[in-house]
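Notes for the one structure printed next.
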Amino acid sequence: MGHLPAERTNLEFPFFDTGVDYVGPIMIADRKGRGCKLTKTYISVFVCLATRAVHLELVSDLTKEAFISALNRFMARRAYTPHFGGLWESAVKSIKYHLRRVLGLTHLTYDEMCTCLTQIEAILNSRPLTPLSIDTSDLTPLTPAHFLIGRSLTFVPYPQITEANVTNLRRFKRIEYIKQHFWKRFSKEYISCLQQKSKWCMQRGELTNGTMVLIKDSHAPPLMWLLGRIVRIIPGTDGIARVADIQTKKGVIRRAFKTICPLPISS
Numbered sequence: 005m006g007h008l009p010a011e012r013t014n015l016e017f018p019f020f021d022t023g024v025d026y027v028g029p030i031m032i033a034d035r036k037g038r039g040c041k042l043t044k045t046y047i048s049v050f051v052c053l054a055t056r057a058v059h060l061e062l063v064s065d066l067t068k069e070a071f072i073s074a075l076n077r078f079m080a081r082r083a084y085t086p087h088f089g090g091l092w093e094s095a096v097k098s099i100k101y102h103l104r105r106v107l108g109l110t111h112l113t114y115d116e117m118c119t120c121l122t123q124i125e126a127i128l129n130s131r132p133l134t135p136l137s138i139d140t141s142d143l144t145p146l147t148p149a150h151f152l153i154g155r156s157l158t159f160v161p162y163p164q165i166t167e168a169n170v171t172n173l174r175r176f177k178r179i180e181y182i183k184q185h186f187w188k189r190f191s192k193e194y195i196s197c198l199q200q201k202s203k204w205c206m207q208r209g210e211l212t213n214g215t216m217v218l219i220k221d222s223h224a225p226p227l228m229w230l231l232g233r234i235v236r237i238i239p240g241t242d243g244i245a246r247v248a249d250i251q252t253k254k255g256v257i258r259r260a261f262k263t264i265c266p267l268p269i270s271s
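The numbering used here applies: residue 5 is where the sequence shown begins, and numbers increase by one.
And the structure:
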């Protein structure tokens, strides 16, 4: 594998080197209720090349005026960015792929879509990148949010909304359902992506005691990634290890290798 470009490793501050791309069109409603008119909108995706942090802006069209307005809003909140370029990163693809599926035939208003995008932005910026410290008892990961606000992100706790009653939800709860649905899809896809990466660039034997891993958990609420450190590798009768005991905040659990994966940056 070749070396990464300098802008991917040079961290002056978050979004010092930034990639930008568009997602859309996304149809939104001009008002709530029946008889509303649908209009096209787009999502401007800004990605920090070094920290992988994501910033989302809703734009009304693809004109240069709309982009400049989105760029001004971005720079007002994330500071001046001297270097821009095009970028196809997993975060951009995830937004394109999952947002259309979680929205379905739902048409949100402009304000509702802005709220939804802000919550999706938080989910993307919560993904674990590497252990925060070398202390084996510390299960806190470093995330893109640490570069932005100095700590991990949190959401107000909200009961899980099932698909059985989604058609009868009020609009506020429907936005919450979209957030929860996006979280389930994105967290599952993120772990699967890391598993494919680990198969290519490392051997299973490199999952050793003390390795920090991400664990599949279909019941975890948004932003609550289940992490742990391997405390014991259990070999099978053929001598090949397929199961490990993992120390988590809830105690020691046993999981198969197919349900865990190392963090993108292991050290």
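Even glycine gets a Cβ: it sits at the ideal position worked out from N, Cα and C.
Sorted by chain position, which residues of the same chain lie with C-beta nearer than 8 Å to residue i's C-beta, five sequence neighbours on each side aside?
i, result
"Phe71", "Ser48, Val63"
"Glu125", "Val58, His59, Leu60"
"Ile195", "Leu218, Lys220, Cys265"
For residue i, collect the residues of the same chain with a Cβ closer than 6 Å to its Cβ; drop the 5 residues on either side in sequence, then sort them by chain order.
i, result
"Pro148", "Thr55, Arg56, Ala57, Asn129"
"Thr263", "Lys220"
Around the Cβ of residue i, are there at least 16 other Cβ atoms within 10 angstroms (buried) or fewer (exposed)?
i, result
"Val256", "exposed"
"Cys40", "exposed"
"Thr241", "exposed"
"Gln184", "buried"
"Glu1", "Nothing about residue 1 can be read from this structure; the chain reaches only from 5 to 271."
"Leu250", "The residue asked about is misnamed: residue 250 is Ile in this sequence, not Leu. Result: buried."
"Tyr101", "exposed"
"His223", "exposed"
"Thr45", "buried"
"Lys254", "exposed"
"Ile30", "buried"
"Ile244", "exposed"
"Leu109", "exposed"
Using only alpha-carbon positions, find the residue among the options that is nearest to residue i.
i, options, result
"Arg175", "Val160, Trp187, Asp242, Met117", "Met117"
"Asp221", "Arg258, Ala33, Tyr114, Phe78", "Arg258"
"Arg38", "Ala80, Ser98, Pro226, His111", "His111"
"Asn213", "Phe190, Phe17, Ile238", "Ile238"
"Gln123", "Ile99, Ala248, Lys192", "Ile99"
"Arg155", "Tyr162, Pro145, Ala80, Pro161", "Pro145"
"Val24", "Met31, Lys44, Leu42, Val51", "Val51"
"Met216", "Asp34, Leu136, Leu103", "Leu136"
"Asp21", "Arg104, Arg178, Val106, Met79", "Met79"
"Val160", "Tyr194, Phe186, Pro225, Asp34", "Pro225"
"Leu103", "Leu42, Thr263, Phe190", "Phe190"
"His150", "Ala74, Ile30, Arg131", "Arg131"
"Thr67", "Arg105, Leu121, Trp229, Tyr26", "Tyr26"
"Leu211", "Trp187, Ala248, Phe186, Leu121", "Ala248"
"Lys97", "Thr252, Gly28, Trp229, Gln199", "Gly28"
Return the Cβ separation of residue i and residue j in integer angstroms, given the expectation that the two are a contact with Cβ distance under 8 Å.
i, j, result
"Cys265", "Leu218", "5 Å"
"Pro268", "Leu53", "At roughly 15 Å, the Cβ-Cβ gap does not stay under 8 Å, so Pro268 and Leu53 are not in contact."
"Lys36", "Thr119", "Not really, about 14 Å apart at Cβ, beyond 8 Å."
"Pro18", "Leu157", "Not quite, the Cβ-Cβ distance comes to about 14 Å (not below 8 Å), so this is no contact."
"Leu107", "Ile182", "7 Å"
Sorted by chain position, which residues of the same chain lie with C-beta nearer than 7 Å to residue i's C-beta, five sequence neighbours on each side aside?
i, result
"Arg246", "Gly240, Ala260, Phe261"
"Asn76", "none"
"Asp34", "Cys40, Lys41, Thr43"
Worksheet item: Given 8 Å as the limit, is there contact between the segment 124-140 and the segment 221-240, that is, 3 or more CB pairs closer than that?
Response: Pairwise C-beta distances place the segment 124-140 in contact with the segment 221-240, as three or more of them are shorter than 8 Å.
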